[in-house]
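All remarks here apply to the structure that follows.
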Amino acid sequence: MSAASDPLFEGARLVITSGAGGVGKTTTAAALALESARSGRRTAVLTIDPARRLANALGLEAFHDHAQRVEGAGPLWAMMLDMRTTADAMVRRFSPDEAAARRILDNPYYGAFSTSLAGTQEYMAVEQVHALVRSGDYDLVVLDTPPAVHAIDFLTAPDRILGALDNRAVNWLYKPRDAGEHGQPQGYGARLLGRGRQVVLKSLDRFTGGPFFEDLASFLQAFSALFEAFRQSSRAVQALLRADSTRFLVVTAPYPGTVREAIGFRAELVTRGFPFAGFVCNRVHDARPAASLEALASALGPNAPAHLAEALATALADHNRMAARDADGLAVLRQVDARPVRVVPLMPEDVHDLEGLSRVGRALMQNFSSADTF
Amino acid sequence: MTVPLSAALFDRRFVLVTGKGGVGKSTVSALLAAQSGARGRRTLVCELNAQERIPAIFGRAPVGSVVTPLRENVWGVNIQPGPALEEYAEMKLKVRAVARLVFDNPFVQRFMQLVPGMNDLLMLGKAFNHERELDTQGRPLWDTVIVDAPATGHGVTFFRLPKVIRDHVPVGNMHEEARDMWALLTDPARTATHLVSLPEELPVQETRELARTLFGPEMGLPPGALWLNQVPTPLFDAAGEARVREGAPPDATPALQAAFDVSQIRLGREGQARAYQAALEGLGLPLVALPLLYSRELGPAQLDALLAAARAQGVP
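These protein sequence lines are chains A and B, in that order.
Counting from 1, one number per residue, gives the positions in the first sequence under the numbering used here.
Counting from 1, one number per residue, gives the positions in the second sequence under the numbering used here.
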């Protein structure tokens, strides 16, 4: 079945591959983007990983933070999220004026931490994707997410950032120490918190060495000028992630522990109302006919090299043992979700070029037609 | 060229294991723990806020954040950032009620969540404290502490964190902790950082980058061994391989055809593995190849098979 009628792509604007590390997420994202582009859609694939893995498979020397056209693959563009550039652009976009932007960009904490504040990478990835989707330059955007222990780390990043940028929180921490209890957040709960404030701040000073938290707070206060713009953008991003035109694929391998993790990912997505669109299972050994050593030896005939029959029998038995394990893994996935699992068989070699990527793409599209419902 | 494996490497007290996601860090952490325990060293193996894998390799149920025996001389723990923070805060602020007042404060919690790598630092700090832990006679409680560290990318940030904190926070408890942690991480007498990889293109590429970053001049961590996981053992001799590459005879039975097909896949992966192993030997790290076992499970029997294979390559 071709990508033209695959229900994954029908009515889709954004496809997101998520999953634990080492399961072929990046390759899956690239292969899907390639299939989409080959069916004529203007497609962009965005990777977060600074490693050159996706670039190499697409025949590019390296990725840049602007879209690069991939040759020989239909209307396909690839790009990588450059943390610092994206962060700077975001500060400029959301700042009311150049002076406000400069206050942030020149802050030493921004320099040290703009690319490593917890959740910023994930936040910027969805921001960037939002910009790509909104631009209207592409029919489909494919996003390869950073490997995570929990799918939720990625999806809740905007909330985490917004929680810390909340004016009340920043004012509470940043208010000059000698200003007494005036200017406290209002309300009963807030007053209660206010009472312990001096104790808390003094203890924190001991814990962190004083200036650390104060400096961080002053940085966050500068940042909080952007808060309202941030929040609106975050709402739009959240809406995009939950839109009907967005599809989350959970990528996995058929090993027992990995399958458990994938099922956990799906549960987190479904519980929070993100549009889960099925599992992809990479590196699957398909079951082959079994045969005894005697049967293989006799089928091979008398002129075969010595011990070849034994080696063939071992190879076949090893393969089928792995196939049985993989079938168990697939059965568990199918129990959890009724949609067909997109199965990619184990290949003799890793994907390292467009041809290999096409093989994966074709496997991903197999057994799907527009008759399948989502 | 191959670098010989030094037995002294396995006398280090603080052992970190890192690599790309899915390459078998937990397997190698478990193997190092079994190896250390078998030599009579009291060994603690730590997972960091993980979906626990190591206890299962020892045939045990998940252990959570409580130090739990896994086999003779081997204990396991899954360090959690929440309890680690509480413990640390109590240690530093002395009074439990004050610690609670500070760290249960919702505003403080929001900031803590945002402070770069705070969770990672806390978990590394907890592992670090295990290294310093003393028994009732004042001797070190653990002879070996093994840390199954986060995956590449994230992993480099994780290792760099104590240095960043040390350089950016000028004074105070956090500065002192970070300074001491960095001193331990970079001390070749006490610490070794092992890398884990697979004989596949992308893991090998990332391993090369990781080795350059961690062991290069910027960070200067003392290197351990490079563990190449899931290396297929050659199955065919030269004549057999040549025949498999020719393909099955035209009148082959379906089973014989299948045997030739899977053997060709296997030869492809063997050849690929050899090329990647050769590429990694150029890194100047001692290399231990762990065989692909073609087993349905990864439990105590497989762990011991891997340990035997490692010993055959000079691991004490």
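For each residue, glycine too, the CB sits at the ideal point set by N, CA and C.
What does DSSP give as the partner residue(s) for residue i in the beta ladder?
i, result
"N78(B)", "E47(B)"
"H194(B)", "V17(B)"
"F248(A)", "I16(A), F276(A)"
"Q68(A)", "A78(A)"
"R342(A)", "V280(A)"
"L46(A)", "M79(A), L143(A)"
"P223(B)", "T193(B)"
"T144(B)", "T43(B)"
"A289(B)", "L228(B)"
Using beta-carbon positions only, say whether residue i and residue j come within less than 8 angstroms of one another.
i, j, result
"L14(A)", "V133(A)", "yes"
"T26(A)", "T47(A)", "yes"
"L296(A)", "L235(B)", "no"
"P261(A)", "A20(A)", "With the sequence shown as reference, residue 261(A) is identified as Glu, and Pro is not the correct amino acid for it. Taking 8 angstroms as the Cβ cut-off, E261(A) and A20(A) qualify as a contacting pair."
"L287(B)", "L226(B)", "yes"
"T156(A)", "I16(A)", "no"
"L333(A)", "V284(A)", "no"
"R243(B)", "A309(A)", "no"
"G59(A)", "D353(A)", "yes"
"A311(A)", "R296(B)", "no"
"F128(B)", "L184(B)", "yes"
"V63(B)", "N78(B)", "yes"
"R60(B)", "L44(B)", "no"
"A149(B)", "L16(B)", "yes"
"V344(A)", "L364(A)", "yes"
"T2(B)", "E281(B)", "yes"
"L290(B)", "L228(B)", "yes"
"E87(B)", "R96(B)", "no"
"R359(A)", "M347(A)", "yes"
"G257(A)", "G21(B)", "no"
"E23(B)", "P170(B)", "The sequence as given places Val at residue 23(B); Glu does not occur at that position. No."
"L357(A)", "A131(A)", "no"
"F94(A)", "A229(A)", "yes"
"P316(B)", "F14(B)", "no"
For residue i, which of the options has the nearest alpha-carbon?
i, options, result
"G19(B)", "L298(B), P249(B), P223(B)", "P223(B)"
"S234(A)", "L8(A), G59(A), S39(A), A125(A)", "A125(A)"
"G40(B)", "G21(B), R160(B), L16(B), W75(B)", "W75(B)"
"A189(B)", "T144(B), P316(B), T233(B)", "T144(B)"
"E349(A)", "E270(B), A8(B), Q277(B), A238(B)", "E270(B)"
"T252(A)", "F265(A), A131(A), V129(A)", "F265(A)"
"Q272(B)", "K92(B), V231(B), F215(B), T43(B)", "V231(B)"
"A315(A)", "F58(B), G284(B), G240(B)", "G240(B)"
"L306(B)", "Q35(B), F14(B), R13(B)", "Q35(B)"
"A275(B)", "L198(B), F58(B), T68(B)", "L198(B)"
"A301(B)", "R245(B), I57(B), F159(B)", "I57(B)"
"G361(A)", "V280(A), A229(A), R93(A), D137(A)", "V280(A)"
"A279(B)", "L293(B), P217(B), R208(B)", "R208(B)"
"A30(A)", "L143(A), V23(A), A67(A), L81(A)", "L143(A)"
"Q128(A)", "A55(A), P96(A), V237(A), A100(A)", "V237(A)"
"E10(A)", "V199(A), T246(A), T86(A)", "T246(A)"
"F103(B)", "Y255(A), A299(A), V341(A), V199(A)", "V199(A)"
"A37(A)", "V270(A), D139(A), G24(A), E61(A)", "D139(A)"
Examine the ligand ZN and report whether any of its heavy atoms sits within less than 7 angstroms of the Cβ of residue i.
i, result
"E206(B)", "With respect to the ligand ZN, the structure offers nothing, as it holds no ligand at all."
Is any beta-carbon of chain D found at less than 8 angstroms from that of residue i?
i, result
"P254(B)", "Of the protein chains in this structure, namely A and B, none is chain D."
### Task
Anything in the region 85-106 of chain A with a Cβ closer than 7 angstroms to a Cβ of chain B? List those residues in chain order, please.
none
### Segment contact flag, the region 233-252 of chain A with the region 269-278 of chain A, C-beta cutoff 8 angstroms, min 3 pairs
yes
#### Entry: Selection of the region 10-24 of chain B by Cβ proximity to chain A, strictly under 8 angstroms
K20, G21, G22, V23
### Message
Closer than 8 angstroms is the cut-off here; do at least three beta carbon pairs connect the region 191-205 of chain B with the region 160-172 of chain B?
### Response
no
### Message
Please identify, using Cβ separations under 8 angstroms, the residues of the region 199-213 of chain B that lie next to chain A, in order along the chain.
### Response
E200, E201, L202, P203, Q205, E206, E209
### Message
Across the region 254-274 of chain B and the region 280-298 of chain A, are there enough close Cβ pairs to call them in contact, namely three or more that are closer than 8 angstroms?
### Response
yes
### Query
Which residues, in order along the region 46-74 of chain B, keep a beta-carbon less than 9 angstroms from a beta-carbon of chain A?
N49, A50, Q51, R53, A56
### Query
For the 8 angstroms Cβ check, are there 3 or more pairs between the region 40-60 of chain B and the region 121-137 of chain B?
yes
### Contact residues within the region 260-271 of chain A, judged by C-beta distance below 9 angstroms to chain B
R260, E261, G264
### Cβ-based contacts, 9 angstroms cut-off: residues of the region 259-273 of chain B near chain A
A259, F260, D261, V262, S263, Q264, I265, R266, L267, G268, R269, G271, Q272
#### Entry: Interface positions of the region 304-317 of chain A facing chain B (Cβ-Cβ less than 8 angstroms), listed along the chain
A304, P305, A306, H307, L308, A311, L312, A313, T314, A315, L316
### Task
Can you give me, in chain order, the residues of the region 322-345 of chain A that have a beta carbon less than 8 angstroms from any beta carbon in chain B?
M322, A324, R325
### Query
Are the region 33-40 of chain A and the region 71-89 of chain A touching by the rule of at least three beta carbon pairs closer than 8 angstroms?
yes
### Residues in the region 6-22 of chain A having any Cβ partner in chain B nearer than 9 angstroms
A20, G21, G22
### Query
Residues in the region 209-241 of chain B with C-beta within 8 angstroms of chain A's C-beta atoms, listed in sequence order?
E209, L235, F236, D237, A239, G240
### Query
Going along the chain, which residues of the region 344-368 of chain A sit with their C-beta nearer than 7 angstroms to a C-beta in chain B?
L346, P348, E349, D350, H352
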